[in-house]
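>
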Amino acid sequence: MSRNALDKKDKPEFDEMWDIARLFVSACSNSVQLLPLHPITISIIFRHYKELLECIGAVEEMQAKVNVENKKCSAVMEEEAGTIPATLDRFFVKKQNH
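Take -9 as the starting number for the sequence shown in the numbering used here and just add one per residue.
1) Return the CA-CA distance between Leu25 and Glu50, expressed in angstroms with no decimal places.
2) Measuring alpha carbon to alpha carbon, tell me which of Asp0, Ser(-8), Leu13 and Leu(-4) ends up nearest Ser33.
3) Are the CB atoms of Ile10 and Arg142 within a distance shorter than 8 Å?
4) Consult DSSP for Lys55 and reduce its assignment to one of helix, strand or coil.
5) Can you name, in chain order, every residue of its own chain whose Cβ lies under 8 Å from the Cβ of Glu44, other than the five neighbours on each side?
6) If you count every other CB in all the chains shown that lies within 10 Å of the CB of Pro2, and 16 or more means buried, which is it?
7) Please state whether DSSP places Pro26 in a helix, a strand or coil.
Right, here's the structure in full:
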């Protein structure tokens, strides 16, 4: 894919993708290379893999916070559930004399 064939708005992302390869290409350069593009491609994939792991960690952290908040809300609702019916019963339920 040629950079010149891209839209103007896509060129910065394309350049950024190739900048990623420069970060890891030295580590890949010692491997047996059938094609020169392989280390570059592996470098880009490795960087994306690391970013995905960071995203997964952030999502798990957010889920943990949400779970804690849900447990707090559930505890409060359970406490209130025990008191509200008794309070409302006084006002809305007629006592029956047997």
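Glycine included, each C-beta is placed from N, C-alpha and C at the ideal position.
The short version:
1) Distance from the CA of Leu25 to the CA of Glu50, rounded to the nearest whole angstrom, comes to 38 Å.
2) Nearest Cα to Ser33 within the set Asp0, Ser(-8), Leu13 and Leu(-4): Leu13.
3) The structure shown does not extend to residue 142, since the chain is modelled only from -9 to 88, so the question has no answer here.
4) Lys55: helix per DSSP, three-state reduction.
5) So no residue of the chain qualifies.
6) Exposed: under 16 other Cβ atoms inside 10 Å.
7) Reduced to three states, the DSSP call for Pro26 is coil.
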